[in-house]
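Numbering (this note's numbering), first residue to last: 8 to 421. Here the structure is laid out as structure tokens; the discussion comes afterwards.
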Ligand SMILES: NC(=O)c1ccc[n+]([C@@H]2O[C@H](COP(=O)([O-])OP(=O)(O)OC[C@H]3O[C@@H](n4cnc5c(N)ncnc54)[C@H](O)[C@@H]3O)[C@@H](O)[C@H]2O)c1
């Protein structure tokens, strides 16, 4: 069977991560790209690593006509227009075997719902990219503990955290373009990772029913005058006027529909984590057993003294969102593999080859968007949100958080 022709929409940070991941995935080539900037760099990387032609297309229609699978790796605010253009291309005859969308599926439940409707109208299998569920460490821990889960009962508490010092591009900081702050950007990862960890062995990813959510959002670092000024100068975003949260935490309760057992997911996310760089930390606690993952623990570390610090060309080559270039540094030799990008690509390619959705499809992505938005509602109203209440479900369909509206000051400065 021929390799699937993969077309990327977007050639920025995450597109490069996926290109690195593709180096260890069989059955797919990076055949084309469309983006507003960064295409030449991505094409050159693809050529250097033998990933495929990576032809640069000047519009989405052409990319779709020449691809088997299209991956939406562009900013959140461009999702709807991009997927509408993909739908037009399919209508015009593009024969797609799969559609990929990066997290978050939508900035609101309404946007996510629109994307699911478009995918269903196209009748093309989908993959929602949530890399952390594909992390080898998480999968291995769950495999290792499967006999304990069966004998003792399932994991009852899962805690997931993703933290770093703040995003790389200005649009992430602007809540009106990104869809919020760190809860929208990274809470989606942590909620999904814990939901997955809590799911009993052999059950579907949506088997556990979300019943309630609590959340707290705060602006702990980037609202302080000197950091606000730094941010304004660096990104053009003024957190004095349109602030977003740089810290969030909360819990989601899930019900096992067969046993009635309630299990709980705790999430913590921040853009004020001034340590070595990105840290993902997860643990799962069951009766009599547990696991823990911390991506800052590497078997490799390097030391760079003051005298040699001038020679450092790119500290981020050692670790995503690296904040230091001297001292004792954690280095992760294959981050695309560590964070699950390679496995999520491989799983999607295998699914599309068989003509089916990936493990996580866009409907699943919509459920994550719903939980994130319910988190904002809980934080705004300072109460536990009952996710089973039809009135809450109705409200979420048209809900847009104060923070995403650019009115975050009303809650973050209150
Ligand atoms: N899974 C993860 O851990 C992870 C990490 C980073 C980003 N992401 C997600 O990936 C997406 C992209 O993020 P990024 O960090 O690569 O952003 P980025 O700003 O680094 O790159 C965005 C790319 O999209 C292009 N682009 C912008 N508007 C476009 C449009 N209308 N049509 C086509 N291309 C357009 C830009 O030119 C650029 O090439 C976001 O949705 C983000 O949430 C996921």
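The beta-carbon is built from N, C-alpha and C at its ideal position, and this holds for glycine as well. Keep in mind the model is a prediction, meaning the values are calculated, not measured.
A direct Cα-to-Cα measurement between residue 231 and residue 21 gives close to 29 Å. Looking at 264, 270 and 191, the one whose alpha-carbon comes closest to that of residue 163 is 270. The C-beta separation of residue 116 from residue 380 comes to about 5 Å, placing the pair in contact by the 8 Å criterion. Between residue 11 and residue 79, the gap from beta carbon to beta carbon reaches 7 Å or more.
Residue environment: residue 159 is assigned as exposed (fewer than 16 neighbouring CB atoms within 10 Å of its CB, all protein chains considered).
In this structure, the beta-carbon distance from residue 94 to residue 125 falls below 7 Å. Among the bridge pairs identified by DSSP, residue 296 is matched with 293. Look at the segment 228-316 and you find these whole runs of beta strand (DSSP E), each 3 residues long or longer: 254-262, 269-277, 286-293, 296-301 and 308-311.
For residue 135, the enclosing beta strand (DSSP E) starts and ends at 133-136. Counting C-beta pairs with one atom in each stretch, the segment 361-375 and the segment 94-113 have three or more that are closer than 8 Å, which means they touch.
Under the three-state reduction of DSSP, residue 217 is assigned to strand. Burial is judged here by how many other beta carbons sit within 10 angstroms of a residue's own beta carbon; residue 142 has at least 16 and is buried. Its Cα nearest to that of residue 184, the residue 85 stands out among 85, 99 and 316. Residue pairing of residue 210 in beta bridges, as defined by DSSP: absent, with no partner found. By the Cβ neighbour-count rule, residue 258 is buried, with 16 or more other Cβ atoms within 10 Å of its own.
Approximately 5 Å separates the beta-carbon atoms of residue 217 and residue 394; this is inside 8 Å, confirming the contact.
Only residues of its own chain outside the window of five on either side were considered, and among them 135, 212 and 213 have a CB closer than 7 Å to the CB of residue 371, listed in chain order.
Relative to ligand 1, the beta carbon of residue 47 is positioned no closer than 6 Å to any heavy atom. Residue pairing by DSSP places residue 62 opposite 39 in a beta bridge. In this structure, the C-beta of residue 190 stays at least 6 Å away from each heavy atom of ligand 1. Taking residue 161 as reference, the option from 167, 152, 168 and 169 with the minimal CA-CA separation is 152. No residue range can be given for residue 140, since it is assigned to no beta strand (DSSP E) and is classified by DSSP as neither H nor E.
In the three-state scheme derived from DSSP, where H, G and I count as helix and E and B as strand, residue 198 is classed as helix. Nearest to residue 166 by C-alpha distance, out of 272, 140 and 46, is 272. In terms of CA proximity to residue 343, 324 leads the group 324, 313, 396 and 251. Residue 41 holds the alpha-carbon nearest to the alpha-carbon of residue 74 among 334, 278, 41 and 56. Nearest Cα to residue 385 within the set 222, 130 and 332: 222. Taking C-beta separations shorter than 7 Å and ignoring five residues to either side along the sequence, the partners of residue 296 in its chain run 152, 155 and 159, following chain order.
Taking 7 Å as the cut-off, the beta carbon of residue 114 is found no closer than this to the beta carbon of residue 45.
Proximity of the beta carbon of residue 104 to ligand 1 is not indicated: no heavy atom of the ligand is located closer than 6 Å.
The Cβ atoms of residue 199 and residue 289 do not sit closer than 7 Å to each other.
In this structure, the alpha-carbon of residue 286 lies about 22 Å from that of residue 319. Taking the Cα positions, residue 180 is about 42 Å away from residue 266.
A residue is called buried when at least 16 other Cβ atoms come within 10 angstroms of its Cβ; residue 294 does not meet this threshold and is exposed.
Taking the CA atoms as reference points, residue 313 sits about 23 Å from residue 304.
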